[in-house]
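**Q**
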Amino acid sequence: MVHSNYERDGGSNKSEIGSKGICEGPSDLSDILRGLASKLRHRDRGLAASSYVSMNTKLSPPGWPSNKRPNKRALLCGVSYNNKRKYRLRGTVNDVKDMRDLLINKFGYPAHCIRVLTEIIKYGVIRVTTNNTLNAEFEAKEFHPTKKNIENSMKWLVEDCQPGDSLVFYFSGHGLRQPDFKDDEIDGFDETICPVDFMQEGMIVDNDINTAIVKPLKPGVKLHALVDSCHSGTILDLHHVYDQKIKQWKDNSPPSGASKSTSGGLAICLSACEDHQLAADTTVFTGKTMYGALTFIFIEVIKQNSNLTYGQLLEDLSETFDENASRVKCLNSRTLARLFGYRITQKPLLSSSEKFDVYLTKVSL
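Here's what the structure looks like:
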């Protein structure tokens with residue numbers, strides 16, 4: 001992303017944050033934490049509660065009837081890169097919070113089936129005191145958006161997926177490109193997302209994202225990915241990309257012939273921009289509060305239209321971006337300002353594992 005009055009940077013864009021340790025306590029600490037998590041869930045219905053509830057890594061949360069398996073779940077990642085000021089993004093946590101609210105209130109996702117990864121420490125630390133003797137601190141490091149945690153959470157997202165399941169993967173943060181050495185990219189570059197520790201552990205490459213959350217999709221399973229980062233166009237490496245100009249699907253199959261297909265399910269990805277473009281983190285739409293441009297517009301459009309098709313969604317997104325392009329100014333990167341003249345062209349991109357009529361198919365996450 002480019003951090004800006006309307007930007008999420010892809011060039012100078014990322015920052016690292018070291019993962020933190022777990023202070024181990026007695027054997028019953030996990031039971032104490034689960035009990036505390038339950039209390040916190042009722043006391044605080046905000047973003048923190050979702051993280052605490054998600055502490056159980058199994059698909060069904062504590063207390064969920066075994067014969068009533070949830071068929072909707074989501075992974076929401078918001079990376080702020082707080083340890084490096086010049087890479088910091090101020091809108092990602094707002095993005096995650098509003099996406100979570102949208103999934104719950106608009107699409108009926110159970111709150112306990114939404115896993116949230118952010119850097120907000122107050123959402124990740126539990127202090128426990130029992131019998132006036134135990135004073136333990138458990139830091140939920142598994143909810144920091146590190147490379148390892150994002151990859152593990154991707155596995156959680158698709159674990160034991162069944163026909164009828166609806167899954168959502170959301171990422172708000174920085175994105176980059178790197179040379180492709182496997183001949184599986186038409187443009188010669190792999191697209192990547194940047195976890196909080198990317199400078200230490202590396203980026204998460206589109207090939208690996210495809211392997212983690214696209215290939216496991218069984219018949220009858222649907223995945224929607226929304227990626228609000230720079231260079232995110234073909235971040236899931238799906239076989240078909242929709243061209244808004246000619247209103248047709250274009251082939252995005254790897255030149256090498258490698259298969260990037262699902263196992264019979266459907267994967268649809270909405271990206272903030274094309275592979276060569278930058279994406280925006282902006283205050284343009286609110287005046288003060290920072291949001292990812294794609295995320296903010298997407299949520300507003302979805303809220304205002306109950307029977308929206310994918311074609312209408314793309315048109316509304318593109319029109320809004322075009323209308324606000326002249327208001328874009330880069331706040332944190334003089335280099336980007338010089339290169340792009342304080343303006344960044346951002347065109348949302350739709351890709352899919354299968355072709356479908358975008359003007360007849362309604363958006364349903």
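Per the UniProt record's numbering, the sequence shown starts with residue 1, numbered consecutively.
Glycine is no exception: its CB is placed at the ideal position from the N, C-alpha and C atoms.
Using the three-state DSSP reduction, which class does Cys269 fall into: helix, strand or coil?
**A** In the sequence shown, the residue the question calls residue 269 occupies position 269. DSSP places Cys269 in strand when its eight states are reduced to three.
**Q** By how many angstroms is the C-alpha of Gly164 removed from the C-alpha of Glu354?
**A** The residue labelled residue 354 in the question sits at position 354 within the sequence shown. The residue labelled residue 164 in the question sits at position 164 within the sequence shown. Rounded to whole angstroms, Glu354 to Gly164 spans 17 angstroms at the Cα level.
**Q** Helix, strand or coil: which one does DSSP assign to Ile302?
**A** If you number the sequence shown from 1, residue 302 lands on position 302. It is helical.
**Q** Using a Cβ-Cβ cutoff of less than 8 angstroms, which residues in the same chain neighbour Lys303 once the five nearest sequence positions on both sides are dropped?
**A** On the sequence shown, residue 303 is found 303 positions in, with the first residue counted as 1. Result list for Lys303: Leu102 and Lys106, in chain order.
**Q** Between Lys203 and Glu315, what straight-line distance do the alpha-carbon atoms span, to the nearest angstrom?
**A** The count along the sequence shown starts at 1 and reaches residue 203 at position 203. The count along the sequence shown starts at 1 and reaches residue 315 at position 315. The sequence as given places Met at residue 203; Lys does not occur at that position. Between Met203 and Glu315, the C-alpha separation is close to 31 angstroms.
**Q** How close, in whole Å, do the beta carbons of Ile235 and Ser271 come, if the pair is a contact with beta carbons under 8 angstroms?
**A** By one-based count along the sequence shown, residue 235 stands at place 235. By one-based count along the sequence shown, residue 271 stands at place 271. Correct: roughly 6 angstroms between the Cβ atoms.
**Q** Quick check on Gly311: does DSSP put it in helix, strand or coil?
**A** Numbered from 1 along the sequence shown, position 311 holds the residue referred to as residue 311. Of the three classes helix, strand and coil, the one that applies to Gly311 here is helix, per DSSP.
**Q** Going by C-alpha to C-alpha distance, which of Asn305, Gln346 and Leu308 sits closest to Thr320?
**A** Translated into positions along the sequence shown, residue 320 becomes position 320. Taking only the C-alpha atoms, the option nearest Thr320 is Gln346.
**Q** Tell me whether His240 sits in a helix, a strand or coil according to DSSP, three-state version.
**A** Locating residue 240 in the sequence shown gives position 240, counting from the first residue. Three-state DSSP puts His240 in a strand.
**Q** Can you pull the DSSP bridge partners for Val205?
**A** For the purposes of this step, residue 205 is taken as residue 205 along the sequence shown, with counting starting at 1. DSSP lists Thr192 as partners of Val205.
**Q** For Phe181, count neighbouring Cβ atoms within 10 angstroms of its own Cβ and tell me buried if that reaches 16, exposed if not.
**A** Translated into positions along the sequence shown, residue 181 becomes position 181. Burial call: exposed.
**Q** Per DSSP, what are the beta-bridge partners of Gln248 in this structure?
**A** As a working note, residue 248 is residue 248 in the sequence shown. BP columns for Gln248 point to Asp243.
**Q** Give a yes or no on whether the C-beta atoms belonging to Ala151 and Ala212 are separated by under 8 angstroms.
**A** In the sequence shown, the residue the question calls residue 151 occupies position 151. In the sequence shown, the residue the question calls residue 212 occupies position 212. As written in the sequence, residue 151 is Glu, which differs from the Ala given in the question. Contact: yes.
**Q** Report the residue from Ile209, Trp249 and Pro348 whose alpha carbon sits nearest the alpha carbon of Thr262.
**A** The residue you call residue 262 lines up with position 262 of the sequence shown. Nearest of Ile209, Trp249 and Pro348 to Thr262, Cα basis: Ile209.
**Q** Measuring straight from C-alpha to C-alpha, what distance separates Cys230 and Lys84?
**A** Mapped onto the sequence shown, residue 230 falls at position 230. Mapped onto the sequence shown, residue 84 falls at position 84. If you take the alpha carbons of Cys230 and Lys84, they lie about 18 angstroms apart.
**Q** Write down the C-beta distance between Gly264 and Pro216 rounded to the nearest angstrom, noting that I regard them as a contact closer than 8 angstroms.
**A** Locating residue 264 in the sequence shown gives position 264, where the first residue counts as 1. Locating residue 216 in the sequence shown gives position 216, where the first residue counts as 1. So it is not a contact: roughly 10 angstroms between Cβ atoms.
**Q** Could you check how far apart the C-beta atoms of Val363 and Leu317 are, in whole angstroms? I think they sit under 8 angstroms.
**A** Counting from one through the sequence shown, the residue named residue 363 turns up at place 363. Counting from one through the sequence shown, the residue named residue 317 turns up at place 317. That belief does not hold up - the Cβ atoms of Val363 and Leu317 are roughly 11 angstroms apart, past 8 angstroms.
**Q** Under DSSP, the alpha helix (DSSP H) around Ser153 begins and ends at which residues?
**A** Here residue 153 is taken as the residue at index 153 of the sequence shown, counted from 1. Start and end: Lys147 to Val158.
**Q** Please work out which residues of its chain come closer than 6 angstroms, Cβ to Cβ, to Phe285, disregarding the five sequence neighbours upstream and downstream, and give them in chain order.
**A** Taking the sequence shown and counting its residues from 1, one reaches residue 285 at position 285. Hits under 6 angstroms: Phe296.
**Q** Rounded to a whole number of angstroms, what is the C-alpha to C-alpha distance between Val241 and His144?
**A** For the purposes of this step, residue 241 is taken as the residue at position 241 of the sequence shown. For the purposes of this step, residue 144 is taken as the residue at position 144 of the sequence shown. Roughly 32 angstroms separates the two Cα atoms.
**Q** To the nearest angstrom, how far is the alpha carbon of Trp64 from that of Lys155?
**A** Position 64 of the sequence shown, counted from the start, is the residue given in the question as residue 64. Position 155 of the sequence shown, counted from the start, is the residue given in the question as residue 155. Residue confidence is low: Trp64 scores 40 on pLDDT, short of 50, so the model does not pin down where it sits. Its coordinate-derived value is still stated next. The straight-line gap from Cα to Cα measures roughly 20 angstroms.
**Q** Taking 8 angstroms as the cut-off, decide whether the C-beta atoms of Tyr170 and Leu223 are in contact.
**A** The count along the sequence shown starts at 1 and reaches residue 170 at position 170. The count along the sequence shown starts at 1 and reaches residue 223 at position 223. No. Outside cutoff.
**Q** Applying the 10 Å Cβ sphere with the 16-neighbour rule, what's the burial state of Gly233?
**A** Within the sequence shown, residue 233 is the residue found at index 233, counting from 1. With 16 or more Cβ atoms within 10 Å of its Cβ, Gly233 is classed as buried.
**Q** Only counting the same chain, and skipping five residues up and downstream in sequence, which positions put a Cβ closer than 7 angstroms to that of Leu365?
**A** If you number the sequence shown from 1, residue 365 lands on position 365. Leu103, Phe107, Ser166, Val168 and His224.
**Q** From Ala267 to Ile114, what does the alpha carbon distance come to, in whole angstroms?
**A** Taking the first residue of the sequence shown as position 1, residue 267 is located at position 267. Taking the first residue of the sequence shown as position 1, residue 114 is located at position 114. Taking the straight line from one Cα to the other gives about 19 angstroms.
**Q** One question on the structure: do Asp237 and Asp281 come within less than 8 angstroms of each other, judged by their Cβ atoms?
**A** Taking the sequence shown and counting its residues from 1, one reaches residue 237 at position 237. Taking the sequence shown and counting its residues from 1, one reaches residue 281 at position 281. It is not a contact, given that the beta carbons lie outside the stated cut-off.
**Q** State the beta-bridge partners of Pro179 as determined by DSSP.
**A** Against the sequence shown, residue 179 aligns to sequence position 179. Paired residue(s): Phe189.
**Q** Under DSSP, the alpha helix (DSSP H) around Arg115 begins and ends at which residues?
**A** For this step, residue 115 is matched to residue 115 along the sequence shown. Counting along the chain, Arg115 falls outside any alpha helix (DSSP H), though it belongs to the beta strand (DSSP E) covering Ile114 to Leu117.
**Q** Run through DSSP, which three-state label would Leu365 get?
**A** Taking the sequence shown and counting its residues from 1, the one referred to as residue 365 is at position 365. Reduced to three states, the DSSP call for Leu365 is coil.
**Q** The beta strand (DSSP E) spanning Leu350 covers which residue range?
**A** Here residue 350 corresponds to residue number 350 of the sequence shown, with the count starting at 1. Note, Leu350: beta strand (DSSP E), Leu349 to Ser352.
**Q** Report the partner residues of Gly78 according to the DSSP bridge assignment.
**A** For the purposes of this step, residue 78 is taken as the residue at position 78 of the sequence shown. Answer is Ser172.
**Q** Beta-carbon separation of Leu76 and Val96 under 8 angstroms?
**A** Within the sequence shown, the letter at position 76 stands for residue 76. Within the sequence shown, the letter at position 96 stands for residue 96. The answer is yes: Cβ separation under 8 angstroms.
**Q** Can you check which of these residues, Ile120, Leu157, Asp228 and Met199, is closest to Cys269 by C-alpha distance?
**A** What you label residue 269 is simply residue 269 of the sequence shown in a count that begins at 1. Of the listed residues, the one whose Cα sits closest to Cys269 is Asp228.
**Q** Just tell me which of Ala293, Arg177, Thr289 and Lys288 has its CA closest to the CA of Ala279.
**A** Indexing the sequence shown from 1 puts residue 279 at position 279. Ala279 has its Cα closest to that of Ala293, out of Ala293, Arg177, Thr289 and Lys288.
**Q** Run the CB neighbour count on Gln277, radius 10 Å, all protein chains shown included, and call it buried at 16 or more, exposed below.
**A** Locating residue 277 in the sequence shown gives position 277, counting from the first residue. Gln277 comes out buried.
**Q** Which first and last residues belong to the beta strand (DSSP E) in which Val227 is found?
**A** Numbered from 1 along the sequence shown, position 227 holds the residue referred to as residue 227. Lys222 to Asp228 is the extent of the beta strand (DSSP E) around Val227.
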